[in-house]
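Take a look at the structure below.
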Amino acid sequence: MLLAFTAPGAQAQETVLNLYSARHYQTDENLYTHFTQLTGIKINRIEGKEDELLERIKNESTNSPADVLLTVDAARLAAAHELGLFAPVKSKTLETRIPAYLRTDDWFSFSSRARVIVYNKATIKAGQVRNYADLANPALRNQVCIRSGSHPYNLSLMASIIAHEGEQKAEAWARGLVANFARAPKGGDTDQIKAVAAGECGVALANSYYVARLMRSDKADDKKTMAAVGIIWPNQTTSGTHINVSGGGMLKYAPHKEAAVKFLEYLASDEAQRYFAEGNNEWPVVASVKVRNPALDSLGTFKMDTLPVGSLAMYRAKAQVIFDRVGLR
Ligand SMILES: [Fe+2]
1 MLLAFTAPGA QAQETVLNLY SARHYQTDEN LYTHFTQLTG IKINRIEGKE
51 DELLERIKNE STNSPADVLL TVDAARLAAA HELGLFAPVK SKTLETRIPA
101 YLRTDDWFSF SSRARVIVYN KATIKAGQVR NYADLANPAL RNQVCIRSGS
151 HPYNLSLMAS IIAHEGEQKA EAWARGLVAN FARAPKGGDT DQIKAVAAGE
201 CGVALANSYY VARLMRSDKA DDKKTMAAVG IIWPNQTTSG THINVSGGGM
251 LKYAPHKEAA VKFLEYLASD EAQRYFAEGN NEWPVVASVK VRNPALDSLG
301 TFKMDTLPVG SLAMYRAKAQ VIFDRVGLR
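Note that the sequence shown covers residues 1 to 329 in my numbering.
Below, the structure written as structure tokens:
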């Protein structure tokens, strides 16, 4: 049996769940409403920026009303773990539904996104860049755009490279990457895609949902941007394309622990998985759940890196040290 929910009204004292969320998508309304319909548990939602929510939970300490934290990026989820904010959750449902590499003892991934390479179709040949390693190739001198190295998305990618290649090779890669910069890091992933389209750089890194968002946009500018760029799934003949996640966990001082586990289990259900992934053009983590996303589908299928999300966490601090050393800020 997948979800053992008690009928609404049958649990007088436990009808509330306090959710701290760094997600704010339209489909989330359906996600939460449906949970309340199924369980009778009302969701009090506090939305905030990722790092602010972590800070807040840390400061509230034992008095925190937060039951569950939902946020994006393995590096941030790892930070929450390292701060000791999460409580371990043992759940057969979560263990069965979510692949082992996408969960830890105390936090769980509920959707995934890929870090892809975007290139300018007029100036870069498609075969010229196949792997993350190619971004450090001297052939791409003055061609690379990237957001700040201290951003979790880049730290998580670097952590995966350290895990696969070891520290030395990873550092050499980071040095080569910096040597190839077209400009100092600035802006978000969408800004990098636009800079590639404008010819300010030949290649950039971006998360798949930013690509999908631009592909689905009706704005003439965005259409022009996407007409000028091509997308590469890196590392298809080696480790696979680096995957990052959105996810969450139950908090250590959660006042409603039973409701918190129910909510986490609900997020792994077929319907919730669809809402969760669709809200931000991501992929569900439960393999049997399929979403139709025309933008993502048009990019084709690809081989994912199945490095455990826990390993990304393990090498996150090292990634930052190397980025600092090579001047990737
Ligand atoms: Fe993002």
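Each residue gets a CB set at the ideal place from its N, CA and C atoms; glycine is no exception.
- Ranked by how close their Cα comes to the Cα of Leu-94, the residues Leu-328, Asp-324 and Tyr-266 have Tyr-266 in first place.
- The segment 89 to 145 contains, as complete alpha helix (DSSP H) runs of 4+ residues, the segments 92 to 97 (chain order).
- Cα atoms of Leu-19 and Asp-222: separation of roughly 34 Å, rounded to the nearest angstrom.
- Remark: the shortest separation between the CB of Asn-207 and any heavy atom of ligand 1 falls under 7 Å.
- The Cβ-Cβ distance between Leu-299 and Val-68 does not fall below 8 Å.
- Ranked by Cα distance from His-34, the first of Lys-303, Lys-262 and Asp-305 is Lys-262.
- In the three-state reduction of the DSSP assignment, Trp-283 falls in the strand class, which pools E and B.
- Ser-311 sits in a helix when the DSSP states are folded into three classes.
- Assigned with DSSP and collapsed to three states, Ser-246 falls in strand.
- The segment 82 to 89 and the segment 208 to 227 do not touch, with fewer than three beta-carbon pairs separated by less than 8 Å.
- Beta bridge pairing from DSSP links Phe-86 with Leu-251.
- In this structure the segment 126 to 134 does not touch the segment 92 to 112; the number of beta carbon pairs closer than 8 Å is below three.
- DSSP places Arg-325 in the uninterrupted alpha helix (DSSP H) bounded by 316 to 326.
- Taking the Cα of Ala-184 as reference, the smallest distance to any Cα among Gly-149, Leu-214 and Ile-117 is reached at Gly-149.
- The DSSP-derived three-state label of Thr-71 is strand.
- When the beta-carbon positions are compared, Ser-208 and Val-286 stay at least 8 Å from each other.
- Spatial neighbours of Trp-283 in its own chain (CB-CB distance under 6 Å, excluding positions within 5 residues in sequence) are listed in chain order as Ser-112 and Ala-277.
- The segment 159 to 169 makes contact with the segment 299 to 308: 3 or more CB pairs, one atom from each, lie closer than 8 Å.
- Annotation for Glu-50: Ala-22, Thr-71 and Arg-76 place their beta carbon closer than 6 Å to its own, counting only its chain and skipping 5 residues before and after.
- In the three-state reduction of the DSSP assignment, Ile-41 falls in the coil class.
- At a Cβ-Cβ threshold of 8 Å, Asn-293 and Asn-280 do not count as neighbours.
- Within the model, the alpha-carbon separation for Ala-163 versus Arg-316 is close to 10 Å.
- DSSP places Tyr-25 in the coil class of the three-state scheme, outside both helix and strand.
- Straight through space, the alpha carbons of Val-196 and Met-226 are spaced by roughly 10 Å.
- Between the segment 135 to 153 and the segment 170 to 183 there are three or more C-beta pairs closer than 8 Å, enough to call the two in contact.
- Ranked by Cα distance from Ala-79, the options Ala-228, Arg-325 and Gly-249 are led by Gly-249.
- Per DSSP, the continuous alpha helix (DSSP H) segment holding Val-211 begins and ends at 208 to 216.
- Excluding residues up to 5 positions away in sequence, Ala-228, Val-229 and Gly-230 lie with their Cβ nearer than 8 Å to the Cβ of Lys-121 in the same chain.
- Distance check between Val-289 and each of Gln-273, Leu-296 and Ile-41 places Gln-273 closest, using alpha-carbon atoms only.
- Annotated three-state conformation of Thr-301 is coil, per DSSP.
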